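In the working numbering, the protein residues as written are 2 to 246.
For each residue, glycine too, the CB sits at the ideal point set by N, CA and C.
A quick note: this is a predicted structure, and the numbers were derived from the prediction, not measured.
Reviewing the structure listed below.
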């Protein structure tokens, strides 16, 4: 009888060791699959895409600007000082109307707009700024959430650091990077405990990327321990009583 109780208790404990993580039922690209991602380089420039929110600053011409950085008022997405790149890849600006921007780098967009503005302004100084570039960090980090992209080159570790770093249950061997390719989600798996693997795949993050840090198998056990321990004590006491019968 005591042996049966011990076996039952062991099975109960092991069954509680599993934990549920997101992005489980999806094929992950590992190894050579990571080579298809944009690697970390000093020459990388992001290309504008549909649904990007941008501001336009034309020096000394507030009437031609939207959310100008040259204004006494800060350009800010919160206050609606931006224009959206629509489904056709176009944005609308004062005087020049619609212009195709999707697929252009920020510098190319500035040059294109400046060329159109020469009709109204001599040697226009133009700055295009993206306002909604974010990376989301989820899972076993201290402060999960969305974080703004402030420069062109950004690594996975940098944004885990922005989220406060790993917590005690982080599974550092199976970090997931989720990226949207024209409506299709791709999940890539990174082992951050392997220096050579991570160094060989210094992935440059893109706006809209999601970093998911899954939990270790022990998390669920710890969460249930407050319930399991009293029950285990009861089973142990019952086993002791049965030995005297």
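Test item: CB-CB of residue i and residue j under 8 Å
i: residue 122; j: residue 59; result: yes
i: residue 156; j: residue 191; result: no
i: residue 101; j: residue 91; result: yes
i: residue 178; j: residue 143; result: no
i: residue 88; j: residue 118; result: no
i: residue 151; j: residue 106; result: no
i: residue 162; j: residue 145; result: no
Residue environment, residue i, which counts as buried when at least 16 other CB atoms sit within 10 Å
i: residue 53; result: buried
i: residue 56; result: buried
i: residue 248; result: Absent from the model: residue 248. The displayed extent of the chain is 2 to 246, so no value can be given.
i: residue 147; result: exposed
i: residue 184; result: exposed
i: residue 84; result: buried
i: residue 210; result: buried
i: residue 70; result: exposed
Own chain, CB closer than 6 Å to residue i, minus 5 neighbours either side, in chain order
i: residue 141; result: 168, 170, 171, 214, 216
i: residue 193; result: 173, 176, 199
i: residue 127; result: 59, 111, 114, 115
i: residue 187; result: 180
i: residue 158; result: none
Alpha-carbon spacing of residue i relative to residue j, whole angstroms
i: residue 153; j: residue 120; result: 32 Å
i: residue 66; j: residue 113; result: 15 Å
i: residue 189; j: residue 72; result: 42 Å
i: residue 208; j: residue 61; result: 30 Å
i: residue 43; j: residue 203; result: 12 Å
i: residue 130; j: residue 48; result: 12 Å
i: residue 94; j: residue 103; result: 15 Å
i: residue 218; j: residue 109; result: 48 Å
i: residue 63; j: residue 195; result: 52 Å
i: residue 33; j: residue 124; result: A caution first: residue 33 carries a pLDDT of 40, below 50, which makes its placement in the model too unreliable to give a value.
Closer than 8 Å to chain B by CB, residue i
i: residue 150; result: Of the protein chains in this structure there is only one, and it is not chain B.
Per DSSP, the bridge partner or partners of residue i
i: residue 106; result: 48
i: residue 156; result: Answer by DSSP bridge pairing: none, since residue 156 is not bridged.
i: residue 113; result: DSSP, once it has assigned bridges, lists no residue as partnering residue 113.
i: residue 140; result: 214
i: residue 203; result: Paired residue(s): none; residue 203 is not in a bridge.
i: residue 55; result: 84, 131
i: residue 190; result: 177
i: residue 171; result: 216
Contacting residues, own chain, Cβ-Cβ under 7 Å from residue i (five flanking each side not counted)
i: residue 160; result: 136, 138, 148, 206, 212
i: residue 166; result: 142, 143
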